[in-house]
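Have a look at the structure below, then the notes.
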Ligand code: UT7
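Numbering (the numbering used here), first residue to last: 186 to 522.
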């Protein structure tokens, strides 16, 4: 039986032009192309030039998504949600600025901070608002500018993360339409908040009155522990989302996991009993783009003609918080702008 649901209508992606190869990083720090490819599957990433911020990437991706949506684009967008770990500033949020620069007027606009799971949380937020009737159409963007937060002395993070933005448009529709977001599973574990994060500049730090240590402005990550948690939580959340929507693993056409590390994606596929060819892979070309990674992977798969209307997709993500989430949806007939 059909029920109200958010339906995907457009998709856009943007990565800054500067490509940084593993060989270039090997000249800057003690690492190698062989190590990075073997341990992560990453071959290159994009970095924004100095002076370019997350909102700039978000506007580019948002513009492309609105164009891709055609008649379902800018007319009637009532909500903009930007998922990011690397906002332009502490306050205000990035989303109102992005909405204004896209010419969307005085719409509802907010940021979602859920680390690398940000896009799934933002999709859930927008879907719920559409189903509740608070807006007819929404724009959801995942955007990150990690470069300024990468410690050049920390090869465990500096080789992993990249910059970029991806966006989708949604409209209120029904579950029987191609493109419908059918279910979402979300979770968190704040007891493990010290495994990955950017500690500097928040109220905890500032209230101490002590001068900032330079390292506190940088991203830190306990990679091994995060790896184990990522596999466990994405597999569990995927299983929950599949049970909610009533699909077996065999009925899923594509799993679009957070593109953190190819080994993590393979391990999740192993836990689920999913053939690896049904994994969407994009991490090799952009690295870990955190909240941008799922929409960027969707755009890449669309460009390659891999996603067909009516295909069943499972999105799954994990990151700082800890926070994780999965969403099941069908794929619409989307054309990239
Ligand atoms: O997006 C949010 C969620 N994030 C993730 O899901 C990321 C999860 N973690 C990972 O992907 C992996 O843990 C990393 C890719 C970050 C690291 O891979 P690993 O296989 O866990 O390596 P490790 O940290 O255990 O380090 C193994 C060795 C160490 O050397 P020793 O102690 O064995 O001599 C490291 O010092 O590799 C060394 N190493 C490197 N060597 C060359 C660490 N980073 C590098 C590097 N280049 N960039």
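Glycine included, each C-beta is placed from N, C-alpha and C at the ideal position.
Inter-residue Cα distance where the pair is residue i and residue j
i           : j           : result
residue 390 : residue 363 : 47 Å
residue 237 : residue 244 : 12 Å
residue 456 : residue 415 : 12 Å
residue 512 : residue 288 : 29 Å
residue 332 : residue 233 : 7 Å
residue 281 : residue 290 : 9 Å
residue 356 : residue 248 : 16 Å
residue 490 : residue 399 : 45 Å
residue 419 : residue 223 : 22 Å
residue 216 : residue 208 : 9 Å
residue 252 : residue 351 : 13 Å
residue 299 : residue 268 : 7 Å
residue 395 : residue 386 : 11 Å
residue 211 : residue 231 : 16 Å
residue 313 : residue 370 : 13 Å
residue 305 : residue 229 : 24 Å
residue 341 : residue 240 : 27 Å
residue 384 : residue 276 : 16 Å
residue 525 : residue 256 : Residue 525 is absent from the structure shown; the chain starts at 186 and stops at 522.
residue 516 : residue 401 : 41 Å
Contact check, residue i vs residue j, beta carbons under 8 Å
i           : j           : result
residue 471 : residue 347 : yes
residue 191 : residue 366 : yes
residue 510 : residue 309 : yes
residue 477 : residue 329 : yes
residue 496 : residue 443 : no
residue 201 : residue 327 : no
residue 307 : residue 297 : yes
residue 335 : residue 242 : no
residue 193 : residue 500 : no
residue 410 : residue 450 : no
residue 459 : residue 437 : yes
residue 468 : residue 221 : no
residue 502 : residue 353 : no
Cβ of residue i within 8 Å of any chain B Cβ
i           : result
residue 270 : Checking the listed chains, one finds no chain B in this structure; it contains a single protein chain.
Local Cβ density within 10 Å of residue i, reported as buried at 16 or more and exposed below that
i           : result
residue 413 : exposed
residue 338 : exposed
residue 203 : exposed
residue 320 : buried
residue 423 : buried
residue 301 : buried
residue 270 : buried
residue 214 : exposed
residue 407 : exposed
residue 322 : buried
residue 426 : buried
residue 376 : exposed
residue 520 : exposed
residue 235 : exposed
residue 475 : buried
residue 358 : buried
residue 206 : exposed
residue 374 : exposed
residue 272 : buried
residue 260 : exposed
residue 433 : exposed
residue 343 : buried
residue 397 : exposed
residue 428 : exposed
residue 317 : exposed
Beta-carbon separation (whole angstroms), residue i vs residue j, contact threshold 8 Å
i           : j           : result
residue 295 : residue 266 : 6 Å
residue 441 : residue 482 : 5 Å
residue 311 : residue 263 : Rounded, the Cβ-Cβ distance is 10 Å, inconsistent with contact.
residue 382 : residue 219 : About 29 Å separates the two Cβ atoms, so there is no contact after all.
residue 349 : residue 199 : 7 Å
residue 196 : residue 393 : Their Cβ separation, rounded to whole angstroms, is 44 Å, which puts residue 196 and residue 393 out of contact at 8 Å.
residue 447 : residue 225 : 6 Å
residue 360 : residue 188 : 5 Å
residue 454 : residue 473 : With a Cβ gap of about 18 Å, residue 454 and residue 473 do not count as contacting.
Can you check the stretch 255-295 for any alpha helix (DSSP H) of at least 4 residues that lies completely inside it and give the ranges in chain order? Assignment of alpha helix (DSSP H) within the stretch 255-295, counting only whole runs of 4 or more residues, yields 280-286 in chain order.
Taking the runs of the beta strand (DSSP E) that are 3 residues or longer, which of them lie wholly in the stretch 221-259? Taken in chain order, the complete beta strand (DSSP E) segments of 3 residues or longer contained in the stretch 221-259 are 229-231.
For the stretch 420-478, list the beta strand (DSSP E) runs that are entirely contained and at least 3 residues long, ordered along the chain. Counting only runs of 3 or more, we get 439-442.
Can you list the alpha helix (DSSP H) stretches of 4 or more residues lying completely in the stretch 372-420, in chain order? 388-392
Please give me, in chain order, every unbroken run of the alpha helix (DSSP H) with length at least 4 that falls completely inside the stretch 291-344. 303-317, 340-343
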